[in-house]
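Novice: Quick one: the structure is below, questions incoming.
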Amino acid sequence: MLPHSLSHTHTHTLIHTHSLTHIVGRSVSQSFWSLPFTETDLMALWIALYLSLFLVVDCWHDLDNTEYDCWPLDSPNDYNMINCGGLEMSWVLRPPEKVTDGEEFNVTYTITASDDFYEYAVKNKIFPFSNASEAKRFCDKHDCPANWNSANEINCCIYHANIHSCPLALMRHGGICGPWIPDDGKIVTHTVSKAGKMSKKFWTSKVVLIHVGVTSVIAHIKIGHMHAALESKVLVVSAQVCGDDVCELEENCLTCPADCGACPMSITIKVAIGLPVTLFFGGFILTMVWFQYQKQKMFWDESWIINYKNIMFGKVCYMGFCSTTSLQPVKSNSSVSRTTDVTVCTVVNTTFKQSFIQPAIYDGRTVAVKHIQNKHFTLSKTIRREVKEVRELDHPNLSKFIGGSIEVPYVSIITEYCPKGSLADVLLNEDVPINWGFRLSFATDIARGMAYLHQHKMFHGRLHSRNCVIDDRWVCKISDYGLTAYRKDDFEVVSNGFHCEDTYRIYYAPEVLLGSSSNVTPAADIYSYSIILVEIATRSDLLSDQTEGVKLDIMWRPSLPELKAGKADTDCPDRGDYCELIKKCWSQNVTLRPTFEQVKKMLDKMNPHKVSPVDMMMNLMEKYSKHLEAIVAERTQDLLQEKQKTDCLLYSMLPKPVADDLRQGRTAEAQSYSNATVYFSDIVGFTELSGSSTPHQVVDFLNQLYTTFDDIIDNYDVYKVETIGDAYMVVSGVPNENGINHAGEIASMALGLVNVCHAFKIPHKPTTQLRIRAGIHSGPVVAGVVGTKMPRYCLFGDTVNTASRMESTSEALKIQVSGATADLLNTLGGYTLICRGSLNVKGKGEMTTWWLEAKKEESSDPLLRSTEFRGVPVPVSN
1 MLPHSLSHTH THTLIHTHSL THIVGRSVSQ SFWSLPFTET DLMALWIALY LSLFLVVDCW
61 HDLDNTEYDC WPLDSPNDYN MINCGGLEMS WVLRPPEKVT DGEEFNVTYT ITASDDFYEY
121 AVKNKIFPFS NASEAKRFCD KHDCPANWNS ANEINCCIYH ANIHSCPLAL MRHGGICGPW
181 IPDDGKIVTH TVSKAGKMSK KFWTSKVVLI HVGVTSVIAH IKIGHMHAAL ESKVLVVSAQ
241 VCGDDVCELE ENCLTCPADC GACPMSITIK VAIGLPVTLF FGGFILTMVW FQYQKQKMFW
301 DESWIINYKN IMFGKVCYMG FCSTTSLQPV KSNSSVSRTT DVTVCTVVNT TFKQSFIQPA
361 IYDGRTVAVK HIQNKHFTLS KTIRREVKEV RELDHPNLSK FIGGSIEVPY VSIITEYCPK
421 GSLADVLLNE DVPINWGFRL SFATDIARGM AYLHQHKMFH GRLHSRNCVI DDRWVCKISD
481 YGLTAYRKDD FEVVSNGFHC EDTYRIYYAP EVLLGSSSNV TPAADIYSYS IILVEIATRS
541 DLLSDQTEGV KLDIMWRPSL PELKAGKADT DCPDRGDYCE LIKKCWSQNV TLRPTFEQVK
601 KMLDKMNPHK VSPVDMMMNL MEKYSKHLEA IVAERTQDLL QEKQKTDCLL YSMLPKPVAD
661 DLRQGRTAEA QSYSNATVYF SDIVGFTELS GSSTPHQVVD FLNQLYTTFD DIIDNYDVYK
721 VETIGDAYMV VSGVPNENGI NHAGEIASMA LGLVNVCHAF KIPHKPTTQL RIRAGIHSGP
781 VVAGVVGTKM PRYCLFGDTV NTASRMESTS EALKIQVSGA TADLLNTLGG YTLICRGSLN
841 VKGKGEMTTW WLEAKKEESS DPLLRSTEFR GVPVPVSN
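Take the sequence shown: its position 616, counted from the start at 1, is 616 in the UniProt record's numbering, and no numbers get skipped.
Following this line, the structure appears as structure tokens:
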């Protein structure tokens with residue numbers, strides 16, 4: 001921003017230049033021919049005039065928000081600028097440097113005038129006033145007309161203020177956009193004029209420019225007989241219209257790819273896209289290579305080979321179940337009859353080779369060892385491939401392959417051990433209760449395991465109930481699958497069928513017995529599964545009804561089972577559906593046999609509950625648990641009742657805190673109490689009454705009396721210490737301290753006991769009036785437990801002796817209280833006391849005692865205000 005003095009200096013320079021131009025021009029025009037100028041001098045003079053004019057034009061275009069110019073009102077033009085005399089204009093919100101054609105924007109400017117301006121304006125006849133004060137008052141105070149058209153230099157200080165704009169492309173060469181240019185189209189923008197006082201600081205107008213290119217924008221005002229203007233330049237650019245197929249100057253590939261085309265992909269974007277793609281495909285290739293490497297590694301891996309010496313054999317049982325197939329090896333060199341008939345044979349028949357399974361310990365875990373009767377063994381690529389395939393299998397219904405021994409003659413296969421034995425063991429064991437829920441679960445487990453094998457293009461060929469084993473969770477798993485070359489000699493084909501393990505031949509499909517081992521197909525496994533379904537239903541040996549040595553036809557099949565369900569068995573399937581499944585599975589037409597996936601769906605329909613064996617076991621355990629819980633709860637309730645009785649008896653003999661300490665083995669320490677009230681009473685004439693009564697009558701009488709007393713004292717904060725014969729001792733403030741309320745508690749209780757005696761009937765002497773006498777004294781006592789065999793809670797101290805003297809010197813049906821107790825009752829208030837006078841008390845000397853007559857009528861004690869107690873009328877105390 002230029003300082004004001006510099007602005008004025010610049011203005012004066014313009015004025016002096018302008019004056020010089022006029023002087024020189026006038027001189028030239030008047031005496032050009034008379035002066036002795038050479039042609040060269042005249043040319044230099046005209047150049048100087050031209051340059052001076054050029055400087056004036058350029059000065060206007062160099063103005064900023066503190067640079068402005070003024071002109072006379074009647075002759076504004078490019079040259080006759082005048083001194084503004086202290087009038088200043090500046091932009092507050094100047095036009096933007098660049099706008100879009102048709103874009104609307106606001107401009108704000110300010111107009112200020114110093115005191116010098118008014119002196120200057122009066123002096124130069126800009127205002128029609130005689131002094132500067134009038135001119136200033138006019139500009140600051142005089143209101144302008146509401147309609148700007150009515151405003152003029154007479155009635156308004158600033159009577160015209162608006163915005164002009166001149167596109168420079170429409171101006172003549174070297175032209176200046178100023179207030180002298182008429183509204184003939186060259187000045188494109190004429191905003192609505194405004195008028196106002198000088199005290200109006202800010203002037204704002206809304207402007208719209210439509211001509212593309214550089215536009216000169218001026219804020220123009222008229223004040224008195226003078227123009228003033230403030231200028232700024234704006235670059236107007238055309239509005240961008242994306243989608244008109246023309247890439248405008250301000251458009252590019254980012255803002256308008258439809259017109260300017262897509263931007264070329266930057267290196268960053270190429271890297272951002274290419275790097276993840278490269279990493280992905282590189283990772284994929286590396287993963288495939290890694291998997292291929294792992295396959296080759298597993299193919300040649302020999303970690304599955306187990307040293308036979310590391311296997312520890314012995315009888316291994318788990319939770320009481322042992323497999324009955326754990327037999328010792330049987331060696332035989334006898335040949336096998338080559339016949340297509342099946343010969344029934346039993347386990348004792350040792351004519352044929354037998355494969356057997358033994359439980360053993362390997363690497364700290366129980367395993368199942370299946371011995372292979374091989375005389376020689378070679379670890380070929382075929383065996384490696386088979387082992388690799390078996391190791392890759394993982395299914396909850398397959399017995400996991402652990403490893404194998406390849407040492408001849410100890411060739412064996414080591415698999416996962418299932419402690420509950422084979423399915424045949426469980427089915428034939430009548431001591432194991434198995435409902436249809438378990439049976440259908442076994443059948444489903446076998447179907448799932450076989451379906452998994454068939455999905456991996458592996459067929460069993462030796463499926464029977466002894467190759468299906470049960471683990472500790474009652475899940476049925478398939479064993480003895482795969483490894484055909486590994487067990488080649490053990491799997492040796494004899495004639496048209498397998499070697500004669502007659503017990504197992506009933507599981508082989510007819511086409512297998514008539515063909516060779518190469519004919520083992522999924523359909524053959526389905527046939528074997530049908531025989532297992534019959535075993536599951538019957539839970540019996542299928543050959544038990546056959547005569548030993550009788551030849552069976554290859555087409556022999558067991559009878560369809562009768563489905564028997566237990567009393568509480570709700571999962572027994574429909575016999576028609578179950579037998580239909582069996583018939584489909586052993587169909588003579590191989591193509592009609594279902595797949596194991598289809599078998600699974602059929603079993604799901606038969607077993608609507610679909611409860612797993614573990615869930616069934618949990619349900620049984622839950623029922624058993626609930627039954628035990630009910631028994632325990634019942635016994636616990638009985639125990640609590642007995643404990644409550646014991647506690648009640650104990651707490652009636654000893655205070656609760658003392659009893660709790662003794663029961664927990666803690667020593668009950670004696671405790672002193674600074675203030676307590678002790679009550680004693682006995683029956684007047686009890687000796688004579690006892691002498692005229694039988695012992696039973698005396699006991700019944702005292703029991704009824706003391707029971708009545710005990711019911712009364714339960715309503716007060718007192719503790720019954722003891723009853724000895726006809727003596728009754730009660731204390732308050734021990735063991736629970738209660739301030740001075742102990743006197744009131746004992747007094748109210750004593751009144752209740754005396755009152756109830758009026759109506760008490762002696763059972764065997766109903767006409768004899770029961771009379772008791774009572775004594776009360778208050779003071780310090782010491783309380784503690786005495787003895788261990790029959791512990792007693794006793795009170796000690798002079799207060800006890802004095803209370804006993806108050807009782808012994810009392811009278812029938814009266815309550816004698818000591819002075820100490822009387823003082824406490826008077827402090828509490830509400831009791832009627834009558835002084836008995838001075839009394840010689842043994843061991844105490846003279847004492848003033850009081851008769852406790854009653855509790856006042858406003859007493860809230862229900863026992864003293866009621867007319868009966870336990871059905872016995874009681875007189876109301878006055």
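Built from N, CA and C at the ideal position, the CB exists for glycine as well.
Would you mind giving the Cβ-Cβ distance between Y728 and F709, rounded to the nearest angstrom? I have them listed as a contact below 8 Å.
Specialist: Your numbering for residue 728 matches position 728 in the sequence shown. Your numbering for residue 709 matches position 709 in the sequence shown. At roughly 6 Å, the Cβ-Cβ gap stays under 8 Å, so Y728 and F709 are in contact.
Novice: Relative to the C-alpha of T191, which candidate in T204, K197 and M198 has its C-alpha closest?
Specialist: Taking the first residue of the sequence shown as 1, we reach residue 191 at position 191. The residue with the shortest Cα to Cα distance from T191 is T204.
Novice: Could you check the C-alpha separation between F352 and T366 for me, to the nearest Å?
Specialist: On the sequence shown, position 352 is the one that residue 352 refers to. On the sequence shown, position 366 is the one that residue 366 refers to. Per-residue confidence for F352 stands at a pLDDT of 32, beneath the threshold of 50, marking its modelled position as unreliable; no derived number is given.
Novice: Give me the residue from I372, V241 and E430 with the minimum Cα distance to L257.
Specialist: Numbered from its first residue, the sequence shown carries residue 257 at position 257. Inspection of the sequence shows that residue 257 is occupied by Pro rather than by Leu. It is V241 whose Cα lies nearest to the Cα of P257.
Novice: My output table needs one value for R771: the three-state DSSP class, helix, strand or coil.
Specialist: Your numbering for residue 771 matches position 771 in the sequence shown. Coil.
Novice: Beta-carbon within less than 6 Å of S530's beta-carbon, same chain only, minus the 5 sequence neighbours each way: which residues are those?
Specialist: Start at 1 with the first residue of the sequence shown, and residue 530 comes out as number 530. For S530, where only same-chain residues beyond five positions count, the Cβ hits under 6 Å are I582, C585 and W586.
Novice: Tell me the DSSP secondary structure of G683 in three-state form.
Specialist: Within the sequence shown, the letter at position 683 stands for residue 683. Inspection of the sequence shows that residue 683 is occupied by Ile rather than by Gly. Residue state, collapsed to three classes: strand.
Novice: Going by Cα to Cα distance, which pick from D553, W304 and V718 is closest to V734?
Specialist: As a first step, residue 734 is located in the sequence shown; it is residue number 734 there, counting from the start. It is V718.
Novice: Assuming P613 and V475 are in contact, meaning their beta carbons sit under 8 Å apart, how far apart are those beta carbons, in whole angstroms?
Specialist: Counted from its first residue, the sequence shown places residue 613 at position 613. Counted from its first residue, the sequence shown places residue 475 at position 475. Indeed, because the Cβ distance is near 6 Å, the residues count as touching under 8 Å.
Novice: Compute the Euclidean distance between the alpha carbons of T687 and L662, then round it to the nearest angstrom.
Specialist: The sequence position of residue 687 within the sequence shown is 687, counting from 1. The sequence position of residue 662 within the sequence shown is 662, counting from 1. Going from the Cα of T687 to the Cα of L662 covers about 38 Å.
Novice: Just verifying my parser: in three-state terms, what is the DSSP assignment at N840?
Specialist: Counted from its first residue, the sequence shown places residue 840 at position 840. Strand at N840.
Novice: Return the residue from the list V237, L423 and H454 that minimises the CA-CA distance to E97.
Specialist: For the purposes of this step, residue 97 is identified with residue 97 of the sequence shown, where counting begins at 1. Checked all of V237, L423 and H454; the closest Cα to E97 is V237.
Novice: Measure the beta-carbon distance from G830 to K855 and round it to whole angstroms, keeping in mind my assumption that it falls under 8 Å.
Specialist: Here residue 830 corresponds to residue number 830 of the sequence shown, with the count starting at 1. Here residue 855 corresponds to residue number 855 of the sequence shown, with the count starting at 1. Confirmed, about 6 Å.
Novice: What is the DSSP secondary structure of I536, reduced to helix, strand or coil?
Specialist: Here residue 536 is taken as the residue at index 536 of the sequence shown, counted from 1. I536 falls in the helix class under three-state DSSP.
Novice: Find out if the Cβ-Cβ distance for the pair I413, K370 is shorter than 8 Å.
Specialist: Against the sequence shown, residue 413 aligns to sequence position 413. Against the sequence shown, residue 370 aligns to sequence position 370. It is a contact, given that the beta carbons lie within the stated cut-off.
Novice: With 16 as the cutoff for other CB atoms within 10 Å, does A368 come out buried or exposed?
Specialist: Working through the sequence shown from its first residue, we reach residue 368 at position 368. Buried is the call here.
Novice: Counting pairs of beta carbons, one from the region 800-808 and one from the region 655-671, are three or more of them closer than 8 Å?
Specialist: no
Novice: Hey, which unbroken runs of the beta strand (DSSP E) at 3 residues or more fall wholly within the region 209-277?
Specialist: 213-223 and 226-237
Novice: Whole angstroms are fine: how far does the CA of S625 sit from the CA of C794?
Specialist: The count along the sequence shown starts at 1 and reaches residue 794 at position 794. The count along the sequence shown starts at 1 and reaches residue 625 at position 625. Rounded to whole angstroms, C794 to S625 spans 50 Å at the Cα level.
Novice: Taking H225 and C70 to be in contact with their CB atoms under 8 Å, please state how far apart those CB atoms are, rounded to whole angstroms.
Specialist: Taking the sequence shown and counting its residues from 1, the one referred to as residue 225 is at position 225. Taking the sequence shown and counting its residues from 1, the one referred to as residue 70 is at position 70. No, H225 and C70 are not in contact; Cβ-Cβ is about 11 Å, not under 8 Å.
Novice: So, at 6 Å on beta carbons, what are the nonlocal neighbours of T215 in its own chain, with the 5 sequence-adjacent residues on each side left out?
Specialist: For the purposes of this step, residue 215 is taken as residue 215 along the sequence shown, with counting starting at 1. Hits under 6 Å: S165, P167, L209, V234 and V236.
Novice: Are the beta-carbon atoms of T849 and Q816 separated by less than 8 Å?
Specialist: Taking the sequence shown and counting its residues from 1, one reaches residue 849 at position 849. Taking the sequence shown and counting its residues from 1, one reaches residue 816 at position 816. A Cβ-Cβ contact shorter than 8 Å links T849 with Q816.
Novice: Would you call the region 652-661 and the region 689-706 touching, i.e. three or more CB-CB distances under 8 Å?
Specialist: no
Novice: What whole-angstrom Cβ distance do I158 and I82 have, given they're in contact under 8 Å?
Specialist: Position 158 of the sequence shown, counted from the first residue, corresponds to residue 158. Position 82 of the sequence shown, counted from the first residue, corresponds to residue 82. Wrong, their Cβ atoms sit about 17 Å apart, outside the cutoff.
Novice: Among the residues of its own chain, which have a CB less than 7 Å from the CB of I306, if the five just before and after it don't count?
Specialist: On the sequence shown, residue 306 is found 306 positions in, with the first residue counted as 1. If you ignore the 5 residues before and after I306, its C-beta comes within less than 7 Å of the C-beta of Y362, G403, G404, S405 and I414, all in its own chain and listed in chain order.
Novice: Have a look at C579 and W436 and give me their C-alpha separation to the nearest angstrom.
Specialist: In the sequence shown, residue 579 corresponds to position 579, counting from 1. In the sequence shown, residue 436 corresponds to position 436, counting from 1. Whole-angstrom Cα-Cα distance: 15 Å.
Novice: Sorted by chain position, which residues of the same chain lie with C-beta nearer than 7 Å to G86's C-beta, five sequence neighbours on each side aside?
Specialist: What you label residue 86 is simply residue 86 of the sequence shown in a count that begins at 1. Excluding sequence neighbours, G86 sits near A113, S114, D116, F117 and Y120.
Novice: If D394 sits next to M450, beta carbons under 8 Å apart, how far is it from one beta carbon to the other, in whole angstroms?
Specialist: Walking along the sequence shown from the start, residue 394 turns up at place 394. Walking along the sequence shown from the start, residue 450 turns up at place 450. No, D394 and M450 are not in contact; Cβ-Cβ is about 15 Å, not under 8 Å.
Novice: If you measure between the beta carbons of D472 and K420, is that distance less than 8 Å?
Specialist: As a working note, residue 472 is residue 472 in the sequence shown. As a working note, residue 420 is residue 420 in the sequence shown. Their beta carbons are under 8 Å apart, which means D472 touches K420 by this criterion.
Novice: Among the candidates T595, V432, A820 and V408, whose CA atom is the shortest distance from the CA of I372?
Specialist: Locating residue 372 in the sequence shown gives position 372, where the first residue counts as 1. By alpha-carbon distance to I372, the top candidate from T595, V432, A820 and V408 is V408.
Novice: Just checking my contact of P561 with N607 at CB under 8 Å: how many whole Å lie between their CB atoms?
Specialist: The sequence position of residue 561 within the sequence shown is 561, counting from 1. The sequence position of residue 607 within the sequence shown is 607, counting from 1. Their Cβ separation, rounded to whole angstroms, is 17 Å, which puts P561 and N607 out of contact at 8 Å.
Novice: If I measure Cβ to Cβ from S335 and keep anything under 7 Å in the same chain, skipping five residues before and after, which residues do I get?
Specialist: Taking the sequence shown and counting its residues from 1, one reaches residue 335 at position 335. Caution applies to S335, whose pLDDT of 34 falls short of 50 and renders its modelled position unreliable; the value that the coordinates give is listed next. Result list for S335: empty, nothing under 7 Å.
Novice: Just how far apart, CA to CA, sit C648 and V800?
Specialist: Walking along the sequence shown from the start, residue 648 turns up at place 648. Walking along the sequence shown from the start, residue 800 turns up at place 800. Taking C-alpha positions only, C648 is separated from V800 by approximately 27 Å.
Novice: Quick check: does the Cβ of K656 come within less than 7 Å of any heavy atom belonging to the ligand MG?
Specialist: Among the components of this structure there are no ligands whatsoever, and the ligand MG is therefore not found.
Novice: Determine the direct distance from the alpha carbon of C84 to that of P72, and round the result to whole angstroms.
Specialist: One-based indexing of the sequence shown puts residue 72 at position 72. One-based indexing of the sequence shown puts residue 84 at position 84. When rounded, the distance between both Cα atoms is 10 Å.
Novice: Can you have a look at C177 and say buried or exposed, based on whether 16 or more other CB atoms are within 10 angstroms of its CB?
Specialist: The count along the sequence shown starts at 1 and reaches residue 177 at position 177. With 16 or more Cβ atoms within 10 Å of its Cβ, C177 is classed as buried.
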